[in-house]
Amino acid sequence: HAEPGRGMGFCIFNNIAITARYLRRRYDLQRILIFDFDIHHCNGTQAVFYDSDKVLVASVHQDKLFPFTGTAKETGSEKGLGYTVNLPVHAQFGDPEYTYLVGKVIGTLVEQYLPQIILVSAGYDGHCDDTISKTLLSTGWFAKVTEMLKEFAFESCDSRLLFVLEGGYNPGALEASVLATIDSLCKPVGRRIGIAPSDRAATLLQNHPLHNYWTL
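Oh and the sequence shown: position 27 is 27 in the numbering used here, straight run, nothing missing.
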């Protein structure tokens, strides 16, 4: 949540934004994709790159939850218009809805933006056992999303994929979910497979502003 010039939430520094800035300056990367699946909107990361087309920030987060930002209408400004994608989801969304959104939206962004690296703000507070949220993600979903992101990175950027730990407030669920992520990272990359439809998630994308900038 740390914004330019100030800390916020439990965040003194914005690790993922600092990483992206470093990669831009050190390696002159022109297309960085940041995907944040923490239950809270990545307001700080969004603020840092809101007017840039060099870093595409995509966030899936529970609607109407701290920091109460990240509406679908927040799409960037100036050169960055269209390079902020917010997916505020309903409480009670779980594995099927999240998997559909990652496959449909993040997969499409990867295909069309062709990032040179994918950075992941990996928050585990959407787990069904984490009382800070109302979403219903299982431990297995975190393995699944890791598998999907590995496939995206393999296809687009020679498997350049970096996870940065974010939220997670149930120690047991956090431990199991992080281990599921690491286990998935250690396995060979599989082939991308089709995603199961989800009417509830598809409804979320109807009339979404991202259609103005990307072809779903």
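Every residue gets a Cβ at the ideal spot worked out from N, C-alpha and C, and that includes glycine.
Check Gly94 in the structure and name its three-state DSSP category.
strand
Looking at the unbroken beta strand (DSSP E) that takes in Phe66, where does it start and where does it end?
It is not in any beta strand (DSSP E) - Phe66 carries neither H nor E in the DSSP assignment.
Is it right to say Val145 is buried, meaning 16 or more other beta carbons lie within 10 angstroms of its own, or is it exposed?
buried
CA nearest to the CA of Ile106, picked from Asp51, Ile32, Gly168 and Asp130:
The candidate whose alpha carbon is nearest that of Ile106 is Ile32.
Inter-residue Cα distance where the pair is Ser121 and Leu114
19 Å
Alpha carbon to alpha carbon, what distance is there between Arg192 and Ser198?
Straight through space, the alpha carbons of Arg192 and Ser198 are spaced by roughly 18 Å.
Kindly indicate which three-state DSSP category Asp36 falls into: helix, strand or coil?
strand
Among all the DSSP beta bridges, which residues are the ones paired with Pro220?
Look at the range of the chain in this structure, 1 to 216, and you will see that residue 220 is not part of it.
Identity of the residues DSSP links to Leu162 by a beta bridge:
Leu119
Excluding sequence positions up to five away, which residues of its chain have a Cβ less than 6 Å from the Cβ of Leu56?
Leu33, Tyr83 and Tyr113
For Asn170, three-class secondary structure by DSSP
coil
On the three-state DSSP scale, how would you describe Pro188?
coil
Would you identify the three-state DSSP class for Asn207, choosing helix, strand or coil?
DSSP places Asn207 in coil when its eight states are reduced to three.
Between the alpha carbons of Ile16 and Gly123, how many angstroms are there, rounded?
Using only the alpha carbons, I get a separation of about 12 Å.
Would you tell me roughly how many angstroms separate the C-alpha atoms of Leu179 and Asp38, rounded to the nearest one?
Their Cα atoms are separated by approximately 17 Å.
Distance check for Asn86 and Asp74, CA to CA, integer angstroms please.
Strictly speaking, residue 74 in this sequence is Glu, with Asp absent from that position. Using only the alpha carbons, I get a separation of about 7 Å.
Cβ neighbour criterion (16 or more within 10 Å) applied to Ile117:
buried
From this set, Ser59, Tyr22 and Asp129, which residue's C-alpha is nearest Leu210's C-alpha?
Ser59
Count the other CB atoms, across all protein chains shown, that sit within 10 Å of the CB of Leu65; report buried if there are 16 or more and exposed otherwise.
buried
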